[in-house]
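Numbering (my numbering), first residue to last: 8 to 221.
All C-beta atoms, glycine included, are put in the ideal place defined by N, C-alpha and C.
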Ligand SMILES: [Ca+2]
Ligand SMILES: [Ca+2]
Ligand SMILES: [Ca+2]
């Protein structure tokens, strides 16, 4: 068994209230936050992360923490059918990016879980982010869906799809395409592909980033 239980995780899995015993105040003094770039939506339209049942699954994290900050990422099952908890760590790299890597081969497809992100290099161990909806799936999401009839592309392979109209160039037409369709379900479903300013959502600020880059 490779499941990585921690005392805190066990308490959480048992339903104990962590916030009550955490001494409060941690949230006020914490100065950075973290989000997970989601790649799916729930039936209710809530952001969701889908990951494969595989080795080396990367949980992509975007934070405002300084480079080198240490994070602990907790994946807690939310189903009684299969109970698990993993606590991979991650180090914040350039541009606030971090990736927590975890082995999910023992977890059944269809298992739902939630994700919590903590600063592990601070005594208060504050929670700086969370995601309520995540699920282990058969196949990870592939290319983002077509927008207005054309498939977006990622010319430089960094996971962000700046060629919105998929014509092989990134130019002003892509900015217009993005601006007009920034609220489309196809975009909302793939925050990971369109969150150009890495703050965990897709809005006009992301359109501005693409505009600045053309
Ligand atoms: Ca790109
Ligand atoms: Ca284009
Ligand atoms: Ca954004």
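{"Check": "Assign residue 115 to one of two classes, buried (16 or more other C-beta atoms within 10 Å of its C-beta) or exposed (fewer than that).", "Outcome": "exposed"}
{"Check": "Within 10 angstroms of its Cβ, does residue 61 collect 16 or more other Cβ (buried), or is it exposed?", "Outcome": "exposed"}
{"Check": "Is it buried or exposed for residue 160, if we count other Cβ within 10 angstroms and need 16 for buried?", "Outcome": "buried"}
{"Check": "Provide the residue(s) that pair with residue 93 in DSSP beta bridges, ordered along the chain.", "Outcome": "82"}
{"Check": "For residue 148, tell me which candidate among 76, 220, 93, 197 has the shortest Cα-Cα distance.", "Outcome": "197"}
{"Check": "If you pair each beta-carbon of the stretch 87-95 with each one of the stretch 106-125, do three or more pairs fall below 8 Å?", "Outcome": "yes"}
{"Check": "Across which residues does DSSP place residue 134 in a beta bridge pair?", "Outcome": "125"}
{"Check": "Considering only residues of the same chain and omitting the five flanking positions on each side of residue 211, which have a CB-CB separation below 8 Å?", "Outcome": "186, 189"}
{"Check": "May I ask whether a heavy atom of ligand 1 can be found less than 7 Å away from the beta carbon of residue 219?", "Outcome": "no"}
{"Check": "Can residue 80 be considered in contact with ligand 3, in the sense that its beta carbon sits closer than 7 Å to one or more heavy atoms?", "Outcome": "no"}
{"Check": "Is residue 181 near ligand 2, with its Cβ less than 7 Å from a heavy atom?", "Outcome": "yes"}
{"Check": "Check whether the Cβ atoms of residue 250 and residue 68 lie closer than 8 Å to each other.", "Outcome": "The structure shown does not extend to residue 250, since the chain is modelled only from 8 through 221, so no value can be given for it."}
{"Check": "Grouping DSSP H, G and I as helix and E and B as strand, with all else coil, what is residue 88?", "Outcome": "coil"}
{"Check": "Under 7 Å from any heavy atom of ligand 3, by CB: list those residues in chain order, please.", "Outcome": "202, 203, 204, 205, 206, 207, 208, 209, 210, 212, 213"}
{"Check": "Nearest-angstrom Cα distance between residue 220 and residue 38?", "Outcome": "29 Å"}
{"Check": "Who are the Cβ neighbours of residue 202 in its own chain at under 8 Å, not counting the five residues just before and after it?", "Outcome": "44, 69, 167, 208, 209, 213"}
{"Check": "Counting pairs of Cβ atoms below 8 Å between the stretch 129-145 and the stretch 49-56, do you hit three or more?", "Outcome": "yes"}
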